[in-house]
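Notes follow once the structure below has been shown.
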Amino acid sequence: MLEEHLANPRAWFGALLVLGVFFLMWRFAAKPGPKKKSWEYSYEFVSEPADAANPELADSFGAMLKRLPAGKRRGAHLIRLAVMNRGAWRIRAEDHLRPLTVAFPPDAKLLEAAFAESFGPAPESAPEITRYERGVEIAPFDLPVDCALVFQFIVAGADAPSVVDGGIEGQAAIERLS
């Protein structure tokens, strides 16, 4: 009986068809590995002294530095803060639980603040920034997947923010990358 089946071309065709289906299932199966989180709202920043900043960083602050009196550069820091969406879903303005707040230590003074640029899909309009003596509040904004919005600050008396606070639905607090 086995010889009959082996001699039958239909049996060979059926066996090859079953093996082909298993091969296709194996070939197109999801690969193991980390998946993108649905939400990954994060930030990172760089900071350098204003009077000793690397030329490329200083150039990116062009007009902001020109408005700053020379005497205020001493002790001031140039800070670039990037807010990113590294998740799988677009973050819409209505997804924000609260505005993004960037604050500096009590003895610091915010001299300049501005939205600088975006990497990835550009927002339709620049995020609205409300400036205070020691920090800023950034109104809720759209942030597409794999996009970063860059904000620039010139701060006297501090080289880093003391608080970066914001949250979206599904992620209660913004996370620092490093």
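According to the numbering used here, the sequence shown is numbered sequentially starting from 263. No residue lacks a Cβ here, since even glycine has one placed at the ideal position from N, Cα and C. As the structure is a computational prediction, the values presented were derived from the model and not from experiment.
For the pair VAL417 and VAL407, the Cα-to-Cα distance works out to about 30 angstroms. Under the DSSP definition of a beta bridge, TYR305 partners with VAL345, ARG438. Taking 7 angstroms as the cut-off, the beta carbon of VAL412 is found no closer than this to the beta carbon of ALA355. In this structure, MET326 is the residue among MET326, LEU362, MET346, HIS358 with its C-alpha nearest to the C-alpha of ALA375. Counting other Cβ atoms within 10 Å of its Cβ, GLY324 stays below 16 and is therefore classed as exposed. Distance from the CA atom of LEU278 to the CA atom of ALA292, rounded to whole angstroms, is 23 angstroms. Contact between the stretch 310-322 and the stretch 359-370 is absent: fewer than three C-beta pairs spanning the two stretches fall below 8 angstroms. Boundaries of the alpha helix (DSSP H) around LYS328: 324-329. With respect to the C-alpha of ASP313, the residue from VAL426, LEU330, SER300, LYS299 having the closest C-alpha is LEU330. Annotated as distal: TYR305 and VAL398, with beta-carbon spacing of 7 angstroms or more. Counting the other CB atoms within 10 Å of its CB gives VAL308 a total below 16, which places it among the exposed residues.
In this model, ASP421 and GLY432 are separated by some 31 angstroms (Cα to Cα). Sequence-distant Cβ neighbours of ARG352 in its own chain, meaning closer than 8 angstroms and more than five residues away, are ASP404, LEU405, PRO406, VAL407. By the beta-carbon neighbour count (other beta carbons within 10 angstroms, threshold 16), ALA370 is buried. Judged by DSSP in its simplified three-state form, ASP421 adopts coil rather than helix or strand. Taking C-alpha positions only, GLU390 is separated from PRO294 by approximately 41 angstroms.
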